[in-house]
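Since the structure comes first, as structure tokens, the remarks are kept for the end.
Numbering (the UniProt record's numbering), first residue to last: 1 to 296.
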């Protein structure tokens with residue numbers, strides 16, 4: 001599996017939640033042979049009613065049933081994302097953990113949600129993290145509702161143009177990838193570059209002072225020996241280049257950088273160069289990934 005293109009979207013169906021697992025489906029068929037999934041995360045039911053996704057830092061994982069085993073398809077820390085071009089089949093969506101504001105991994109109490117994807121169908125998912133203080137996001141239970149709609153109708157309602165260019169006003173709204181499967185398209189898969197699906201902290205976020213922890217989440221497994229720590233730079237506007245240690249977590253498909261010094265009261269800029277990592281086929285990122293945030 002490799003990502004082949006990127007776009008954005010901003011359409012999710014409304015549904016009713018009652019504090020327990022709620023599932024609604026509409027068995028509509030479209031003309032497209034592929035299927036898709038769109039996910040949005042809310043901190044609580046009030047945020048859902050207001051249409052305010054978040055918080056960033058909740059790990060969502062999409063898996064597909066293959067040969068009797070659940071195989072990972074996609075991972076992200078973004079509060080909303082979508083994936084199309086998926087083959088029909090049995091899928092599972094999980095929200096196993098989150099990152100707190102210091103970047104520590106905190107397990108979430110969650111029950112994986114299994115569902116079937118049919119050709120031409122778009123499954124839309126809303127996850128609500130209940131019993132969680134909005135400011136602290138300390139602990140919680142994931143409640144998931146799933147709505148299946150025709151993929152052709154969903155794309156029409158989203159008013160998406162042909163890839164790769166999305167409407168400018170949607171660029172920062174939602175992250176979207178189009179996938180094809182390596183088994184069906186081996187040559188394309190071998191050429192495709194890995195994609196950073198999300199990062200922590202989010203751009204413009206504020207984090208507590210102290211030793212910093214940064215995370216980049218990828219669309220696929222990387223070559224475990226490909227990470228070049230010299231190609232990952234973190235710069236403080238007052239302190240200059242910040243020394244740190246970079247590592248690759250193969251179980252989560254993410255690169256972690258942790259500072260070796262205390263940081264406080266400044267804006268920080270982080271850059272992961274395009275040639276900092278490679279996937280299993282030796283493909284590098286198409287471009288560098290940079291973002292900035294504030295340390296209180």
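In this text, a Cβ means the ideal position worked out from N, Cα and C, and glycines have one as well.
Residue 275 in three-state terms, based on DSSP: Coil.
Residue 262 - DSSP class collapsed to helix/strand/coil: Per DSSP, reduced to three states, the secondary structure at residue 262 is coil, with no helix or strand assignment.
Residue environment, residue 66, which counts as buried when at least 16 other CB atoms sit within 10 Å: Taking all protein chains shown into account, residue 66 has fewer than 16 neighbouring C-beta atoms within 10 Å of its C-beta and is therefore exposed.
Nearest candidate by alpha-carbon position, reference residue 110, set 123, 95, 295, 118: For residue 110, the nearest C-alpha among the options comes from 95.
CB contact flag (residue 227, residue 277, <7 Å): With contacts defined by Cβ atoms closer than 7 Å, residue 227 and residue 277 form a contacting pair.
Residue 274 classed as buried or exposed, judged by whether at least 16 other C-beta atoms fall within 10 angstroms: Exposed, by the Cβ-count rule.
Opposing strand residues paired with residue 268 [DSSP bridges]: Beta-bridge pairing links residue 268 to 236, 293.
Three CB pairs or more closer than 8 Å across the segment 228–240 and the segment 194–204: Counting Cβ pairs under 8 Å, fewer than three are found: no touch.
Bounding residues of the alpha helix (DSSP H) (the contiguous stretch that carries residue 45): Residues 45–50.
Beta-carbon proximity check, residue 39 vs residue 54, cutoff 7 Å: Inclusion of residue 39 and residue 54 in the CB contact set at 7 Å is not warranted, their separation being larger than that value.
Close Cβ partners of residue 220 (< 6 Å) along its chain, the five nearest in sequence each way excluded: Answer for residue 220: 194, 279, listed in chain order.
Stretch-stretch touch, CB-based, cutoff 8 Å, three pairs: the segment 254–261 with the segment 204–216: Because the criterion of three Cβ pairs below 8 Å is met, the segment 254–261 and the segment 204–216 touch.
Own chain partners of residue 208 with C-beta closer than 8 Å, once the 5 adjacent residues on each side are dropped: Here the set comprises 101, 102, 295, 296.
Limits of the beta strand (DSSP E) - the one that residue 40 falls within: Here the beta strand (DSSP E) through residue 40 covers 35–42.
Whether residue 236 touches residue 268 by CB criterion (7 Å): Yes; because the gap between Cβ atoms is below 7 Å, this pair is in contact.
Contacting residues, own chain, Cβ-Cβ under 8 Å from residue 222 (five flanking each side not counted): Closer than 8 Å at Cβ, skipping near neighbours: 194, 248, 250, 253, 255, 277, 278, 279, 280.
Distance, residue 270 Cα to residue 89 Cα: Going from the Cα of residue 89 to the Cα of residue 270 covers about 38 Å.
Residue environment, residue 82, which counts as buried when at least 16 other CB atoms sit within 10 Å: When all chains shown are included, residue 82 counts as buried.
Selected residue, minimal CA-CA separation from residue 201, among 47, 77, 50: Residue 77 is the option with its Cα nearest to residue 201.
Where residue 231 falls: helix, strand or coil (DSSP): In the structure shown, residue 231 sits in a helix (DSSP, three-state: H, G or I).
Cα-Cα separation between residue 241 and residue 47, rounded to whole angstroms: Distance between the alpha carbons of residue 241 and residue 47 is about 38 Å.
From 72, 205, 119, 284, residue whose alpha carbon lies closest to that of residue 272: It is 284.
Supposed close pair residue 97, residue 108 - CB separation, criterion 8 Å: Contact check for residue 97 and residue 108: beta-carbon distance about 6 Å, within the 8 Å limit, so the pair qualifies.
Classification of residue 63 by the beta-carbon crowding that lies within 10 angstroms, buried from 16 upward: By the 10 Å Cβ count, residue 63 comes out buried.
Own chain residues within Cβ distance below 6 Å of residue 205, not counting five before or after: So the list reads 293, once near-sequence residues are dropped.
Bridge partners - residue 76, DSSP secondary structure assignment: Assignment of beta-bridge partners to residue 76 by DSSP yields 60.
Within-7 Å CB hit, residue 90 to chain D: In the structure shown, chain D cannot be found, because there is only a single protein chain.
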